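Chemist:
Numbering (our numbering), first residue to last: -14 to 123.
#1: On the DSSP bridge list, what partners appear for residue 58?
#2: Just checking my contact of residue 75 with residue -13 at CB under 8 Å: how many whole Å lie between their CB atoms?
#3: In whole angstroms, give me the CA-to-CA distance for residue 68 and residue 29.
#4: Taking residue 78 and residue 37 to be in contact with their CB atoms under 8 Å, please state how far apart those CB atoms are, rounded to whole angstroms.
#5: To the nearest whole angstrom, what separates the beta carbons of residue 33 and residue 4, a pair I think is in contact under 8 Å?
#6: Between 27, 13, 52, which has its C-alpha nearest residue 63's C-alpha?
#7: So, using beta-carbon positions, are residue 27 and residue 17 closer together than 9 Å?
#8: Using CA atoms only, rank isn't needed, just tell me which of -11, -2, 31 is closest to residue 57.
#9: How long is the line joining the alpha carbons of residue 35 and residue 11, rounded to whole angstroms?
#10: DSSP beta-bridge partners for residue 66?
#11: Is the separation between the beta-carbon of residue -9 and that of residue 20 shorter than 9 Å?
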């Protein structure tokens, strides 16, 4: 069971969470997420990422205590359904992807009226579900 959780979580994180990497643990059910690239790319710091996870019910630990300068430690000794739910929440609410939409450009450059609308759009910008998830720890 625990090895299945680790395989699933490691595969999910490495495949779907841009800028986050993890290696398969050996002899343990703890994974160590390296968020260095994600934090550099987004300008977020580790404390912000940690808080975002806790806000949506994903329990994890600051990896700096374990000599990981931009790492997060996650316990996977839970039922498989909880591991899946935690991964889904991380993708949907914590390591949020942005889509670059079509940008209208005139001969003077960007059109100011459409710049804000057209540059970035969150995949999911709803904050209501996030508040409800905080009470459901995974």
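Cβ atoms here follow ideal geometry from the backbone N, Cα and C, with glycine treated the same way. Nothing here was measured: the structure is a model prediction, and the numbers come from that model.
Modeler: With the given structure in hand:
#1: Counted from its first residue, the chain shown places residue 58 at position 73. In the DSSP output, where bridge partners are listed per residue, residue 58 has 17, 46.
#2: As a working note, residue 75 is residue 90 in the chain shown. As a working note, residue -13 is residue 2 in the chain shown. No, residue 75 and residue -13 are not in contact; Cβ-Cβ is about 19 Å, not under 8 Å.
#3: Counting from one through the chain shown, the residue named residue 68 turns up at place 83. Counting from one through the chain shown, the residue named residue 29 turns up at place 44. Their backbone Cα atoms lie some 24 Å apart in a straight line.
#4: Start at 1 with the first residue of the chain shown, and residue 78 comes out as number 93. Start at 1 with the first residue of the chain shown, and residue 37 comes out as number 52. Right, the Cβ-Cβ distance comes to about 7 Å (below 8 Å), so this counts as a contact.
#5: Position 48 of the chain shown, counted from the first residue, corresponds to residue 33. Position 19 of the chain shown, counted from the first residue, corresponds to residue 4. At roughly 14 Å, the Cβ-Cβ gap does not stay under 8 Å, so residue 33 and residue 4 are not in contact.
#6: Looking up residue 63 in the chain shown gives position 78. When each option's Cα is compared against that of residue 63, the closest is 13.
#7: For the purposes of this step, residue 27 is taken as the residue at position 42 of the chain shown. For the purposes of this step, residue 17 is taken as the residue at position 32 of the chain shown. In this structure, residue 17 does not lie closer than 9 Å to residue 27 by Cβ.
#8: As a working mapping, residue 57 is identified with position 72 in the chain shown. That would be 31, whose Cα lies nearest to the Cα of residue 57.
#9: The count along the chain shown starts at 1 and reaches residue 35 at position 50. The count along the chain shown starts at 1 and reaches residue 11 at position 26. Answer to the nearest angstrom: the Cα atoms are 24 Å apart.
#10: The residue you call residue 66 lines up with position 81 of the chain shown. According to DSSP, residue 66 bridges with nothing at all.
#11: Position 6 of the chain shown holds residue -9. Position 35 of the chain shown holds residue 20. No. Outside cutoff.
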